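Counting from 597, one number per residue, gives the positions in the sequence shown under my numbering.
Comments concern the structure below.
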Amino acid sequence: MTLRPVGPEHVEGLLELVSDPDVRRLTGSHAGFDPDQLRVWYATRGDHPDRLDLAIMADDEYVGEVVLNELDTANLSCNLRIGLIGPRVFGKGYGSEAIELVLRHAFETTPLHRIRLGVYAFNERARHVYKKLGFVEEGVERDALLWDGEWHDCVLMAVLRHDWRAASRSLA
Numbered sequence: 597m598t599l600r601p602v603g604p605e606h607v608e609g610l611l612e613l614v615s616d617p618d619v620r621r622l623t624g625s626h627a628g629f630d631p632d633q634l635r636v637w638y639a640t641r642g643d644h645p646d647r648l649d650l651a652i653m654a655d656d657e658y659v660g661e662v663v664l665n666e667l668d669t670a671n672l673s674c675n676l677r678i679g680l681i682g683p684r685v686f687g688k689g690y691g692s693e694a695i696e697l698v699l700r701h702a703f704e705t706t707p708l709h710r711i712r713l714g715v716y717a718f719n720e721r722a723r724h725v726y727k728k729l730g731f732v733e734e735g736v737e738r739d740a741l742l743w744d745g746e747w748h749d750c751v752l753m754a755v756l757r758h759d760w761r762a763a764s765r766s767l768a
């Protein structure tokens, strides 16, 4: 598994990702996506110094993306989000490895102190991975997502540089 900067060559994989009903539920994405807009989106990600968009590649196949965005330079923090292409790649460790690599990059090569994320409470698999990698649950946004007529909470999590160091030592 490798991480590469996203580009127009990854658009077909991104289209598969954002079209998958399971992925849309896990990310809370109600709206559809236009292929031309996605091409422009991926073609311009490198123009934004306040974010890092990476394609997750397994055997040269796009299997998802991991992103650091919403950079707050004053507080040395940012947001993390990840999306895998769908059930055919779930459970293979790609998400765990991608997050581990991005956290290592963030905490070893930048001054970042805190990385946060939001995950829907029903996504137990993701919450387990985040905890394993040092993320701590900090709060809950109640009834943050209305999906198929049901309300779902969003769990707010973050990892601090020292949390990550402790978690990475225990994983070694």
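For every residue, glycine included, the Cβ atom is placed at its ideal position computed from N, Cα and C.
Computed from a prediction, not measured in an experiment: that's the story for all the values here.
{"query": "DSSP-derived helix/strand/coil call for Ile-711", "result": "strand"}
{"query": "Own chain, CB closer than 6 Å to Asn-675, minus 5 neighbours either side, in chain order", "result": "Asn-665, Glu-666, Arg-712"}
{"query": "DSSP-derived helix/strand/coil call for His-701", "result": "helix"}
{"query": "Cutoff 6 Å; reference Pro-707; Cβ partners in own chain excluding five residues on either side", "result": "Leu-672"}
{"query": "Buried versus exposed call for Asp-646 [16 or more other C-beta atoms within 10 Å across all chains shown]", "result": "exposed"}
{"query": "Selected residue, minimal CA-CA separation from Arg-765, among Asp-739, Asp-749, Lys-728", "result": "Lys-728"}
{"query": "Bounding residues of the beta strand (DSSP E) (the contiguous stretch that carries Glu-605)", "result": "It is not in any beta strand (DSSP E) - Glu-605 carries neither H nor E in the DSSP assignment."}
{"query": "Inter-residue spacing [alpha-carbon to alpha-carbon] between Leu-742 and His-748", "result": "6 Å"}
{"query": "Residues bridged to Ser-766 [DSSP beta-bridge criterion]", "result": "DSSP output for Ser-766 lists no bridge partner at all."}
{"query": "Rounded straight-line distance, which links the Cα of Glu-612 to that of Arg-620", "result": "11 Å"}
{"query": "Residues near Glu-720 by beta carbon distance below 8 Å, same chain, minus five either side", "result": "none"}
{"query": "CA-to-CA distance, Leu-699 to Met-597, given in whole angstroms", "result": "15 Å"}
{"query": "6 Å CB neighbourhood of Val-607 in its chain, flanking five on each side removed", "result": "Leu-634, Arg-635, Tyr-638"}
{"query": "Expected contact under 8 Å - CB spacing of Gly-691 and Val-725 to nearest Å", "result": "6 Å"}
{"query": "Simplified DSSP assignment, three categories, for Ile-652", "result": "strand"}
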